Amino acid sequence: AFSILRFIWSSIQQAQASKGQLEALAQSIAQLLKALDEEYSTGRLLQVKTSTPLADLLRLLEDISSFIQKEALCGFLKLLFTKDQRIAQIDGYYRRIDDSIQSFQISALLDIRGWTKRNNDAREVDQQVLNEQLLKLETNQQRLMETLNMHQHNVMSMMVSLKRRLDHLSDGEREQQFFSHTLRYLTTVSGRQVKMESWMIMSYEVEFGPLIGSGGFGQVFKGNWNGTPVALKVLRTAAGITPSSTAIRREIETWSMLRHTHVLQFLGANEMDDRPFIVMPYLKNGNVRDYVQNYPDCDRLQICHHVCQGLVYLHSRNIIHGDLKCLNVLIDDSGKGVLCDFGLSRLKADATSRDVSADGMRTMGSRNWMAPEQLVSGSLKQPCDVYAFGMTMYEIFANEVPLGNIDHANFIELVVRQNVRPERPDGEEAAQLTDAIWELAEKCWVKDPKHRPIASAVCTTLSHLSSTPSIPRSTPISPSPPSTPPRHLVIRGHTAAVWSAVFSPDGKHIISGSSDRTICVWDAQTPNLVLGPLKVHTDEVSTVAVSPTGGQMASGGTDGTIVVWDTVAGKPAGGLLEGHTKSVWTVSFSPDGERIVSGSMDKTIRIWDVQTGRLLVGPLSGHTAPVTSVAFSGNGTRIASGSEDKTVRVWDATSGRLFWGPLIGHRSEVSFVAFSPDAKRIISLSLNGIVCVWNVETQALVSGPSLRHTEGALVVGFLARKALRGVSPDGKWVVVGYHNTAVVRDSQTGLLAASLEGHTDHILSLGFSPDSSCIVSASQDKTIRVHTLNL
Numbered sequence: 001a002f003s004i005l006r007f008i009w010s011s012i013q014q015a016q017a018s019k020g021q022l023e024a025l026a027q028s029i030a031q032l033l034k035a036l037d038e039e040y041s042t043g044r045l046l047q048v049k050t051s052t053p054l055a056d057l058l059r060l061l062e063d064i065s066s067f068i069q070k071e072a073l074c075g076f077l078k079l080l081f082t083k084d085q086r087i088a089q090i091d092g093y094y095r096r097i098d099d100s101i102q103s104f105q106i107s108a109l110l111d112i113r114g115w116t117k118r119n120n121d122a123r124e125v126d127q128q129v130l131n132e133q134l135l136k137l138e139t140n141q142q143r144l145m146e147t148l149n150m151h152q153h154n155v156m157s158m159m160v161s162l163k164r165r166l167d168h169l170s171d172g173e174r175e176q177q178f179f180s181h182t183l184r185y186l187t188t189v190s191g192r193q194v195k196m197e198s199w200m201i202m203s204y205e206v207e208f209g210p211l212i213g214s215g216g217f218g219q220v221f222k223g224n225w226n227g228t229p230v231a232l233k234v235l236r237t238a239a240g241i242t243p244s245s246t247a248i249r250r251e252i253e254t255w256s257m258l259r260h261t262h263v264l265q266f267l268g269a270n271e272m273d274d275r276p277f278i279v280m281p282y283l284k285n286g287n288v289r290d291y292v293q294n295y296p297d298c299d300r301l302q303i304c305h306h307v308c309q310g311l312v313y314l315h316s317r318n319i320i321h322g323d324l325k326c327l328n329v330l331i332d333d334s335g336k337g338v339l340c341d342f343g344l345s346r347l348k349a350d351a352t353s354r355d356v357s358a359d360g361m362r363t364m365g366s367r368n369w370m371a372p373e374q375l376v377s378g379s380l381k382q383p384c385d386v387y388a389f390g391m392t393m394y395e396i397f398a399n400e401v402p403l404g405n406i407d408h409a410n411f412i413e414l415v416v417r418q419n420v421r422p423e424r425p426d427g428e429e430a431a432q433l434t435d436a437i438w439e440l441a442e443k444c445w446v447k448d449p450k451h452r453p454i455a456s457a458v459c460t461t462l463s464h465l466s467s468t469p470s471i472p473r474s475t476p477i478s479p480s481p482p483s484t485p486p487r488h489l490v491i492r493g494h495t496a497a498v499w500s501a502v503f504s505p506d507g508k509h510i511i512s513g514s515s516d517r518t519i520c521v522w523d524a525q526t527p528n529l530v531l532g533p534l535k536v537h538t539d540e541v542s543t544v545a546v547s548p549t550g551g552q553m554a555s556g557g558t559d560g561t562i563v564v565w566d567t568v569a570g571k572p573a574g575g576l577l578e579g580h581t582k583s584v585w586t587v588s589f590s591p592d593g594e595r596i597v598s599g600s601m602d603k604t605i606r607i608w609d610v611q612t613g614r615l616l617v618g619p620l621s622g623h624t625a626p627v628t629s630v631a632f633s634g635n636g637t638r639i640a641s642g643s644e645d646k647t648v649r650v651w652d653a654t655s656g657r658l659f660w661g662p663l664i665g666h667r668s669e670v671s672f673v674a675f676s677p678d679a680k681r682i683i684s685l686s687l688n689g690i691v692c693v694w695n696v697e698t699q700a701l702v703s704g705p706s707l708r709h710t711e712g713a714l715v716v717g718f719l720a721r722k723a724l725r726g727v728s729p730d731g732k733w734v735v736v737g738y739h740n741t742a743v744v745r746d747s748q749t750g751l752l753a754a755s756l757e758g759h760t761d762h763i764l765s766l767g768f769s770p771d772s773s774c775i776v777s778a779s780q781d782k783t784i785r786v787h788t789l790n791l
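Quick note on full-length UniProt numbering: the sequence shown kicks off at 1 and runs consecutively.
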């Protein structure tokens, strides 16, 4: 332990940031080790009885040593951008040290309060040193360029990062001035202007970890982005050639629009410098090829079905995968297959076309999975994907590369002209491969593309095979989905799309609003209609909410009006609430049930008196796009609003004064906002499922943007209202809708917990029950589904 401490101390001397705090941390460790040494020397502690705390302490010291070494290698700008994370990391080490002290039961021997004061004092000194350094750099352009290590390949990446950082409200005044000054300077020097895209993630914002995969087109690293484990795919051929920025941008813009359970989520990308990369969720189970080897009893047919569902979705968007094989299918944390690397074959072709050392092979894709027409002419159409899917089915069931016994020189002759295809493996080698599955694979890889089934037909067949009891299948050993699948209650009755569905506060009823202009109340345990259909709106009902007592409902419509309903009588409690000039997209009751706040497509917010229907406050203006979500704080004094303009704002609920905002951190439309019960935090979700947690008093972004939030389960006040994304009332789960499915993620880890399927068209609304045990979803397919979670 003392040798690790000596190494830590020497590494600190190379640190360029937070040096005072790191030295204070090392001093605290030294005092801890000295106290332990004395206790062991006197016999008050016995090593045989403290082996576990000792091992934990050594791991802590090794973690601190690795952290300081990594920090010493970071450039100045990245260190500046990651200051908050670094300070939080140091605070986390102090908490672990405190845990270690408790394990050894030596708290009385150490001045822990003194450590806290020393750390706080060191933080202030570090900030003063940083401020002085920034001021010197602002006045010395040559030194600024040297410190930034600026060159033509990274100047635009720097400019994008600086521009985004100017919106980071937790930075101090001196840092903001430095960012502004440096951005102006780089703009002048480069003669270029920054054009921001919501999907941009620069190299300064990610941390590259170990290499976890490589292939003919780049390397994949495990990394970290805003506290979330991610996979970083660097786009480069084996010869070191990168595709053109135009080609990269084209594929990025396509991928960023995709939302499906069985298509890997796109988080962002960098195409600004000489190391372009794509940021994706990190799935620890890896690709299907490795998964079936590690878990031979996994449900291979189900995985094929997942892959085909993803392929059907891509084809519905006129997107061709182009390189379908097991290496390009990942397994998520619940054991589901997820398509990845679609479109990358086109990027590889773009890069290879400019590689003078290439061997002349310009065909996109991977040879053993290529359709004959693709091998001969390079033609890439949807039937090519179906052919590749057949080969991928073989690969999954036989656990070997299709046609792997054919050498390169004879491949086209045998596959194209002699129509050679894989031979069926015997039963022992492929126990789950039935006659029906083999026949389907053979249909997929027929030579004539016109005779191959379309992907949706293949998917239908797989669905039938999956539900046939005679198919031999085994449950995955690990990891596996929830032990009991969610119970699905399907509610039918609306004659058009259901825009909104929410639980009543007691969880016994579901209230829905539809394009058929009606509101209905349903029994949450059965599909029975309890009240309705109620009709007053002259156009679609776009949102519904329930008062805290359940005695009243509110509905908003595309006719721009709001109706307050008596839930017992099933009649309007008063006249129409009129004032919005466009569709009302969101309504919410105050905690005492006496007020309603509404948000509209007209970009404004209004607060109404429930009893009289009188406008109390508003219209509140400021958002530059439609308001998608509104929420009262637990004490009813403030209102949070989220908008398609990607911002969150906080308003005084009495005066309408803008209290804080705009709070900037999301990179796509904000679709959900809620307060914690103590009103000190706001949690917001964007369309891509990214979570942000804000400190209401300071405007600081406490956590995110990320697939998780570092505070763990942040409880949110239950608000029975519409949302397309949501957080469970206990704060443990986040639900996000993608097309006709929804996924539930652990809010603390960002990992997938459940996938909710069944709808046949787009999901329009999602909401949790008050006890967080169920999710209600409403869809364009005219139905409502209640999903019981077993988490």
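For each residue, glycine too, the CB sits at the ideal point set by N, CA and C. These figures come from a predicted structure and were not determined experimentally.
Helix, strand or coil: which one does DSSP assign to residue i?
| i | result |
| --- | --- |
| residue 298 | coil |
| residue 200 | strand |
| residue 224 | strand |
| residue 415 | helix |
| residue 156 | helix |
| residue 522 | strand |
| residue 20 | helix |
| residue 341 | coil |
| residue 665 | coil |
| residue 14 | coil |
| residue 219 | strand |
| residue 132 | helix |
| residue 273 | coil |
| residue 792 | The requested residue 792 does not occur in the structure, where the chain is confined to residues 1 to 791. |
| residue 285 | coil |
| residue 422 | coil |
| residue 4 | helix |
| residue 571 | strand |
Below 8 Å on the Cβ atoms is my contact criterion, and I expect residue i with residue j to pass it. Report the Cβ-Cβ distance as a whole number of Å.
| i | j | result |
| --- | --- | --- |
| residue 675 | residue 664 | No, residue 675 and residue 664 are not in contact; Cβ-Cβ is about 19 Å, not under 8 Å. |
| residue 459 | residue 309 | 6 Å |
| residue 778 | residue 789 | Not confirmed; about 17 Å, so no contact. |
| residue 322 | residue 331 | About 21 Å; that fails the 8 Å criterion. |
| residue 515 | residue 500 | Residue 515 to residue 500, Cβ: 10 Å. No contact. |
Alpha carbon to alpha carbon, how far is residue j from residue i? Give it in angstroms, no decimals.
| i | j | result |
| --- | --- | --- |
| residue 276 | residue 620 | 42 Å |
| residue 616 | residue 694 | 27 Å |
| residue 194 | residue 184 | 11 Å |
| residue 548 | residue 283 | 40 Å |
| residue 584 | residue 440 | 49 Å |
| residue 367 | residue 421 | 13 Å |
| residue 311 | residue 518 | 36 Å |
| residue 526 | residue 741 | 22 Å |
| residue 536 | residue 648 | 32 Å |
| residue 385 | residue 230 | 27 Å |
| residue 379 | residue 423 | 26 Å |
| residue 562 | residue 334 | 41 Å |
| residue 264 | residue 340 | 5 Å |
| residue 782 | residue 745 | 26 Å |
| residue 640 | residue 382 | 46 Å |
| residue 638 | residue 396 | 55 Å |
| residue 163 | residue 179 | 8 Å |
Report task. Any chance you could list the alpha helix (DSSP H) runs of at least 4 consecutive residues sitting entirely within the stretch 32–115, in chain order? Result -> 51–73, 76–81 and 83–104
Query raised in the report: Is it true that the stretch 83–92 meets the stretch 29–37, where meeting means three or more beta-carbon pairs spaced less than 8 Å apart?
Result: no
Query - Inter-stretch contact (C-beta, 8 Å, three-pair minimum) for the stretch 108–121 and the stretch 18–29 - result: yes
Query raised in the report: Does the count of Cβ pairs from the stretch 64–79 and the stretch 5–21 closer than 8 Å reach three?
Result: yes
Requested in this report: Examine the Cβ distances between the stretch 120–139 and the stretch 54–63 and report whether three or more of them are shorter than 8 Å.
Outcome: no
Query raised in the report: Are there three or more Cβ pairs, one per stretch, closer than 8 Å when the stretch 206–226 is compared with the stretch 173–188?
Result: no
Report task. Decide if the stretch 451–465 is in contact with the stretch 407–415; the criterion is three or more beta carbon pairs, one per stretch, under 8 Å apart. Result -> no
Query raised in the report: In chain order, which beta strand (DSSP E) runs of at least 3 residues are fully inside the stretch 377–401?
Result: none
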